[in-house]
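Take 128 as the starting number for the sequence shown in our numbering and just add one per residue.
Glycine residues also receive a C-beta, built at the ideal position from the N, C-alpha and C atoms.
Predicted, not measured: the structure shown is a model, and the values here were computed from it.
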Amino acid sequence: MEKIKITRIEHNIDRSHSPFSIKLRLNNNIDLEINDSTFSIPHNTSFTIFLLSNSSELAKSPILNSSLFTHNDQLWIPLFSISHTSQSLFQCKVLIQNEVLERFKEKNPNENHQRSTSSHSWSSDKIHGFNSVLGHVGDKKPYDDLGKNRTVIGEISEKISEELKNSVKKLWKLLEVERKAKETLCDQIMVLKADLAREKDESKKREKAILHDLQVAEMTISDMKFEVLKTRTENKAVQAENSRLLTELKMKEENYLTQMEHFKDLRNEFESTYASSSCLLQKIDDFSGKNDNTYQDQIKNKDETIKELNREVSELKILNKSILLSQQINRPDEIDELLHQKSKQLKIVGHFFKDQEQGYVFNSKRIVLIVKSGQLLCKHGSIYKPFEEYMESIGAIVHDKNPSHKRIRSHDLESKGSSSKLGRPGLCRSHLKSPISNNH
128 MEKIKITRIE HNIDRSHSPF SIKLRLNNNI DLEINDSTFS IPHNTSFTIF
178 LLSNSSELAK SPILNSSLFT HNDQLWIPLF SISHTSQSLF QCKVLIQNEV
228 LERFKEKNPN ENHQRSTSSH SWSSDKIHGF NSVLGHVGDK KPYDDLGKNR
278 TVIGEISEKI SEELKNSVKK LWKLLEVERK AKETLCDQIM VLKADLAREK
328 DESKKREKAI LHDLQVAEMT ISDMKFEVLK TRTENKAVQA ENSRLLTELK
378 MKEENYLTQM EHFKDLRNEF ESTYASSSCL LQKIDDFSGK NDNTYQDQIK
428 NKDETIKELN REVSELKILN KSILLSQQIN RPDEIDELLH QKSKQLKIVG
478 HFFKDQEQGY VFNSKRIVLI VKSGQLLCKH GSIYKPFEEY MESIGAIVHD
528 KNPSHKRIRS HDLESKGSSS KLGRPGLCRS HLKSPISNNH
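The structure is reproduced here in structure tokens:
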């Protein structure tokens, strides 16, 4: 038994066919389909190889007998049919692998073909109805007219070589054109890369500038939030201080009015009793029989004191009106100036969340703020205190030493030109009594 294996099938590339299969017909009319697996053939067995195709064009063409030959140390079965051009048209070649391939190597293809033709014959009755689309199949050996084929092949090869030379020249010219175009394109690409790199650097710079501006804006907003919060607190403190000052001013005004009424009574009494100081001096001279310069000087000082007190009472009335008017007038310019003069000691970073504790730093001290029920509270241990009370406890808000309060009071006093008159010693003289009144 000889073992044969189909390795691959090569068909004519000039014609398109559907997938092929190989069928082997033995001399006992037994058909055997061949695939890529190994199959065995008994010795001294005649066989015919058929090429089966699903193509309607090929129509199951009949295949001549198997002519085994070696090519490149491989065993081949040439499958071909006869055309009308008296040339062998190979439909396909089947490469088989025989385990006893060595015995075929020493034989030439022609001897193999003659041997297979003489030992393995075929006839149309063995094909059982398989007809060729190429016409009637005749007996013709595949290796006839080798000289003629070589001449034709030489002419064809010369034509092919000439066409190849022309094609090479054309391709060379096209290559030169493409090379120049490629150089131009490379230059443009380099310019575009440089532009892209420059734009990329500029975009990075712009992005850094935008990020820096954004950080500055966030810091500014944070500072503004705290400044607004601090301004509200200071505004409340200023209002409390103004209320206290207003109360004190009302009390002083009442005292001044009382003193003024008292001075008026004294003046009326003196005016009703004595027409003038000169008359009083005259009476004294009449009673004493001498002119007392000491009493005369005291009376003159008393008259000057009364005039000065009257003038101060008038100024206090004007000052009281100006203070009452200043309580009703909004001072945005002074508040802005106050905000500008204050140092930024407390930094609020990010958003302020309601009902959530947030820690901040004030004068190197950590404070915890929280907003509950619309009121700003500070955490002191485990309890919460109002913001103003807590800030006063840590020394952040001191009413008596607040420079903004002093500035507002001094502004009010300087606007009326009376700041230098509040501390005059004449107020103390209002309680002095003349020697005459003591005598009475």
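According to DSSP, residues forming a beta bridge with residue i
i    : result
K286 : In the DSSP output, where bridge partners are listed per residue, K286 has none listed.
Q485 : L496
H339 : Paired residues: none, contrary to the question.
Q502 : K499
I510 : H507
Environment of residue i [buried if 16+ CB atoms lie within 10 Å]
i    : result
L302 : exposed
M317 : exposed
E361 : buried
I450 : buried
L291 : exposed
K327 : exposed
I426 : buried
K391 : exposed
K357 : buried
N504 : The sequence given here places Leu at residue 504; Asn does not occur at that position. Buried, since its Cβ has 16 or more Cβ neighbours within 10 Å.
N428 : exposed
L319 : exposed
L568 : Lying before the first or after the last residue shown, residue 568 is absent from the chain, which here runs from 128 to 567.
L298 : exposed
L341 : exposed
L436 : buried
L338 : exposed
T212 : Since pLDDT at T212 reaches only 40, below the 50 mark, its modelled position is unreliable, and the value read off the structure follows with that caveat. The residue in question, T212, is exposed, as its Cβ has fewer than 16 Cβ neighbours within 10 Å.
L191 : Because the pLDDT at L191 is just 39, under 50, the model does not fix this residue reliably, and the value given afterwards should be weighed accordingly. Classification for L191: buried.
Spatially closest choice to residue i from the options, by CA coordinates
i    : options                   : result
D430 : I445, N447, R394 and R325 : R394
M518 : L436, S284 and I494       : I494
K448 : K377, R371 and S294       : K377
E515 : S500, T432, R359 and Q483 : R359
Same chain only: Cβ atoms within 7 Å of residue i, ignoring 5 sequence neighbours per side
i    : result
I475 : With a pLDDT of 49 at I475, under the threshold of 50, the modelled position of this residue cannot be trusted; read the value that follows with caution. Once the five neighbours on either side are set aside, the close Cβ partners of I475 are S349, K352, F353 and Y487.
I521 : K492
V304 : none
E329 : none
I433 : F390 and R394
K512 : L504 and C505
M346 : none
Own chain, CB closer than 8 Å to residue i, minus 5 neighbours either side, in chain order
i    : result
A321 : none
Close-in-space but distant-in-sequence residues of the same chain around residue i (CB under 6 Å, 5 per side omitted)
i    : result
Y383 : V440 and L443
A324 : none
K296 : none
Q485 : L496
Contact the stretch 378-393 vs the stretch 440-451: 3+ CB pairs below 8 Å: The stretch 378-393 and the stretch 440-451 touch, with no fewer than 3 CB-CB distances between them shorter than 8 Å.
Meets three-Cβ-pair contact criterion under 8 Å: the stretch 505-513 and the stretch 364-375: Fewer than three beta-carbon pairs drawn from the stretch 505-513 and the stretch 364-375 are found closer than 8 Å, and the two stretches are therefore not classed as touching.
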